[in-house]
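Some notes on the structure that comes next.
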Ligand SMILES: Cc1cc2nc3c(=O)[nH]c(=O)nc-3n(C[C@H](O)[C@H](O)[C@H](O)COP(=O)(O)O)c2cc1C
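Numbering (the numbering used here), first residue to last: 8 to 363.
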């Protein structure tokens, strides 16, 4: 089945859910333009999530996707504490920025169980997961007549997701911005480029494959369709859209960055994710000491990251970015969608060769 039919959309282009970034305007603009808009809901408490869904529905009557982080990502060793070197480094940053004591480490996302209850009650048309999915969740979503998709970063993960019953798998190549969706094994072995990952996932599963990672324009879309992908999911490309409203510093840094600055690190959140290298990442990585598990590591650096972002100081904030960063375009989301569709058609006819 085509992804257009699966999701009841016009164009096989999915805007990636981006927790902490994006807006209901972005979701609605993409869905209204015939793609699949998405919201990253992992940090939203159930009542906030419900209000968010109502707000999206006030702006579009088209299908959209709401994304959660798998419950497995909420389980961690409660006894772990921040190491002495990391604590001293963070405290020195706090002094530098005039911040108070370090906050207590706490879990930032979920609970996915309660969030999923809301998505099912509200009949959200497409529900997606990052960091794996649980079989009973897939079954509950299907019993409610809704669709479920999830990210895979290896062929093994894609086969696991298929066996759990997802409707389509997102093959997330190593180029991708934001968190690696890796949920089986070592993330370093799961850093497989989109060009290699997509066709091998297509060969390994019988469900539609959505390509993600480094796709910024028609060249990436057409290439991924040639690799066998049914659709594409794009994140970094939407960071330049006016509706996304990322802080001015992040946008400015994206506009002046090259792909080599978009690095995979665990130093920000405790899980591997690709973002723009800065002083915080380099200095944290240089400590010879294990960091806190996800998402505790993220929580202890939260006041620091926020204050630096507000002050326009690029040394400390999180600025997720894929390796396609230098192809970023600034335009409204509907215009980006229309350009992607038109340019893909033009490119396909160029490749087919014009008749004599
Ligand atoms: C700013 C940002 C935030 C992201 N947040 C999420 C998220 O909350 N959930 C998720 O499933 N994927 C998230 N991703 C990853 C995307 O789903 C997707 O894999 C990635 O954007 C594709 O690569 P690209 O950024 O090169 O287009 C995020 C990506 C970015 C850039």
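Beta carbons: idealized from backbone N, C-alpha and C, even for Gly.
Listed in chain order, the alpha helix (DSSP H) runs fully inside the region 190 to 225 are 201 to 211, counting runs of at least 4 residues.
When secondary structure is reduced to three states using DSSP, residue 281 falls in the strand class. Around the beta-carbon of residue 275, 16 or more other beta-carbon atoms lie within 10 Å, marking it buried. A contact between stretches requires three or more CB pairs, one per stretch, nearer than 8 Å, and the region 222 to 229 fails this requirement with the region 245 to 252.
Of the candidates 294, 157, 161, the residue whose Cα lies closest to the Cα of residue 203 is 161.
Of 43, 42, 59, 40, the smallest CA-CA separation from residue 49 is found for 59. The residue among 13, 18, 9, 11 with its C-alpha nearest the C-alpha of residue 350 is 18.
Contact between residue 40 and residue 352 does not hold, since the beta-carbon distance rounds to 15 Å and is not under 8 Å. As computed with DSSP, residue 75 is found in a beta bridge with 136. It is roughly 46 Å from the alpha-carbon of residue 93 to the alpha-carbon of residue 213.
Inter-residue distance for residue 84 and residue 68 is about 43 Å (C-alpha atoms, whole angstroms). For residue 159, the closest of 145, 146, 140, 153 by C-alpha to C-alpha distance is 140. The region 252 to 259 and the region 317 to 330 touch, with three or more beta-carbon pairs separated by less than 8 Å. Taking the Cα positions, residue 154 is about 11 Å away from residue 71. Not one heavy atom of ligand 1 sits closer than 8 Å to the Cβ of residue 273. Between the region 287 to 298 and the region 119 to 129 there are fewer than three C-beta pairs closer than 8 Å, too few to call the two in contact. Within the same chain, Cβ atoms closer than 7 Å to the Cβ of residue 188 are found at 137, 138, 158, 159, 160, 179, the five residues on either side in sequence being excluded. Counting along the chain, residue 270 sits inside the beta strand (DSSP E) bounded by residues 269 to 272.
Linking residue 341 to residue 211 through their CA atoms gives a straight-line distance of about 34 Å. Within the region 122 to 181, the runs of beta strand (DSSP E) that reach at least 3 residues and sit entirely inside it are, in chain order, 133 to 137, 154 to 159, 175 to 179. Annotated three-state conformation of residue 227 is helix, per DSSP.
Per DSSP, the unbroken alpha helix (DSSP H) holding residue 309 starts and ends at 309 to 318. When secondary structure is reduced to three states using DSSP, residue 326 falls in the coil class, being assigned neither helix nor strand. According to the DSSP assignment, residue 359 belongs to the alpha helix (DSSP H) that extends over 340 to 359. Apart from sequence neighbours up to five positions away, the residues of its chain that approach residue 273 with a beta-carbon distance below 7 Å are 279, 298, ordered along the chain.
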